[in-house]
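Numbering (the working numbering), first residue to last: 1 to 477.
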RNA sequence: GCCGAUUUAGCUUAGCUGGUGGAGCGUGGGACUGUUAAUCCCAAGGUCGAGGGUUCGAACCCCUCAAUCGGCGCCA
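Okay, here's the thing in structure tokens:
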């Protein structure tokens, strides 16, 4: 599969170091080691080097052939190409080496680029030299075989999870990581385009954002600290300084959930805005998700197609507005469908799933009952049974991808809400204190980046979109 | 925490009502002048997750344990 991205040659990446008008130093590519790579397989497959002599550096993906001609499929980060090695051209000694080359051997191959329909991708390299750089231990050949991949059928087996460090090299995982990078980039550019400031919160914290049972305890010089579940409380402290802020950072939750939607360490894109209403926050949520979808169409359409993803679906998510529905309407809808639910219950995954069946784009659920949500959600001034919050539910059964809303911002209200819940206030003292000095209405949301990746790629499991997934039973490799 | 499953070669698996564990991939050797997950021939590789029990006999039946997978609750 050709890659829609090319790597720039290093000469285009270097920058000039200047002081005033005087150019102090021109950074040049390192030379001498003969390890500078200037030509990428993706470019060769695009026809840029037809009939030219080139040097390709990469890894052997597969090899086949006979005693006189070998076909070595070479892989790099931009694609694959067939290299034709003939005994006549290259000599018996080298040919014997090529014949014995094992999968994932790293090599440098010189040769002439030949446009040939017999080769996958339309181009091949007719080799004039073949140099092994890093050999593969024949006692321990590359363990990921075709049968392992076929068995995984695009997903994962325990074996592939155990060999994740090697599985990353396969075309499917490479594609996932490239798409993931574009998702992160799209989120950054959405917020930066709107003058949000990227802001970092600590990962060691003293208190919980959600319920206390989902915290990871960490020994901390004789005390107990916790890994953060969310950037939010620390973002709210900086809200009066920055007014619009965001982050993409890991969050940690010690949930024993074993589902296709959960990780114990996940990447959390969070934002906080001063002077903002629930409606405005939702507009940003919709905006960032649609930006991610449109960026993937721009940057990664061939990769998505390579994964078998229907681009029309992704385009639908990029181009259409996301409907908003109150919790009460959702409950009524479910009750009309004879689903067993009572007012005041949080909507669990099975109920979300039933709701999302009726939508072909993501949709928001707003105004949950106060009793279903924690203290930091702002009570609706129009009806104190509800809070001004929202969840964004992805279609196709992928579930919640955003949770957010307005925050309880007056000191009086937040103390009342904490008392009502019976939540101890010690760990939140700094948070409460911020309310004593010019509190303003504000809000924000958290977006599960991995969940968005899983949904937009159509992955069967959230593990497929993160390089080294962490769940309740796996911290290795 | 709860419910349901799985565990046979490096990997993926077949193995019927209990009667000497087969194959594909990978690896090693051989054949083949253009292959497309190349093909063909040969070979090595297994205390059937661990322990105990029933039985003349256990991969298969029973018990205990372990590891793993899927789902629920909760969440992103």
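Positions of the beta carbon are idealized from the N, C-alpha and C atoms, including for glycine.
Check: Nearest-angstrom Cα separation, counted from residue 40 out to residue 56; Outcome: 7 Å
Check: DSSP bridge partner residues for residue 82 (one or two, in chain order); Outcome: 73 and 124
Check: Buried versus exposed call for residue 319 [16 or more other C-beta atoms within 10 Å across all chains shown]; Outcome: exposed
Check: DSSP-derived helix/strand/coil call for residue 253; Outcome: coil
Check: Same chain only: Cβ atoms within 6 Å of residue 49, ignoring 5 sequence neighbours per side; Outcome: 113
Check: Assigned secondary structure, residue 386 (DSSP; H/G/I helix, E/B strand, else coil); Outcome: strand
Check: For residue 441, the three-state DSSP class (helix, strand or coil); Outcome: coil
Check: First and last residue of the uninterrupted beta strand (DSSP E) at residue 112; Outcome: 106-115
Check: Alpha-carbon spacing of residue 478 relative to residue 260, whole angstroms; Outcome: This structure does not reach residue 478, given that the chain is present from 1 up to 477, and the question cannot be answered.
Check: Rounded straight-line distance, which links the Cα of residue 476 to that of residue 266; Outcome: 15 Å
Check: Residue 241 versus 81, 199 and 322, residue with shortest Cα-Cα distance; Outcome: 199
Check: Residue 356 and residue 395 closer than 8 Å at C-beta; Outcome: yes
Check: 8 Å CB neighbourhood of residue 510 in its chain, flanking five on each side removed; Outcome: Only positions 1 to 477 of the chain appear in this structure, which leaves residue 510 out of reach.
Check: Cutoff 6 Å; reference residue 303; Cβ partners in own chain excluding five residues on either side; Outcome: 175, 178 and 179
Check: For residue 369, three-class secondary structure by DSSP; Outcome: strand
Check: Three-pair Cβ contact test at 8 Å for the segment 433-445 versus the segment 117-133; Outcome: no
Check: Residue of 337, 362, 360 and 361 minimising C-alpha distance to residue 351; Outcome: 337
Check: Inter-residue spacing [alpha-carbon to alpha-carbon] between residue 37 and residue 140; Outcome: 28 Å
Check: Best match in 147, 77, 118 and 235 for proximity to residue 171 [C-alpha to C-alpha]; Outcome: 77
Check: Best match in 136, 279 and 52 for proximity to residue 388 [C-alpha to C-alpha]; Outcome: 279
Check: Whole-angstrom C-beta distance between residue 245 and residue 235, which should lie under 8 Å; Outcome: 6 Å
Check: Outcome for residue 314 when other beta-carbon atoms lying within 10 angstroms are tallied against a minimum of 16; Outcome: buried
Check: Alpha-carbon to alpha-carbon, residue 143 and residue 69; Outcome: 26 Å
Check: Reduced DSSP secondary structure (H/G/I, E/B, other) of residue 24; Outcome: Since pLDDT at residue 24 reaches only 48, below the 50 mark, its modelled position is unreliable, and the value read off the structure follows with that caveat. DSSP places residue 24 in strand when its eight states are reduced to three.
Check: Buried versus exposed call for residue 145 [16 or more other C-beta atoms within 10 Å across all chains shown]; Outcome: exposed
Check: Inter-stretch contact (C-beta, 8 Å, three-pair minimum) for the segment 409-422 and the segment 368-375; Outcome: yes
Check: Residue of 307, 383 and 427 minimising C-alpha distance to residue 464; Outcome: 307
Check: Burial state of residue 182 (16 or more Cβ within 10 Å); Outcome: buried
Check: Coarse secondary structure for residue 59, derived from DSSP in three states; Outcome: strand
Check: DSSP three-state assignment for residue 240, whether helix, strand or coil; Outcome: helix
Check: Beta-ladder partner(s) of residue 219, from DSSP; Outcome: 224
Check: Three-way DSSP call (helix, strand, coil) for residue 306 in this model; Outcome: helix
Check: Proximity winner among 305, 283 and 311, relative to residue 293 (alpha-carbon distances); Outcome: 311
Check: Sub-8 Å separation of residue 471 and residue 164 beta-carbons; Outcome: no
Check: Cross-strand partners of residue 324 (DSSP beta bridge); Outcome: 364
Check: Endpoints, the alpha helix (DSSP H) within which residue 152 is located; Outcome: 146-152
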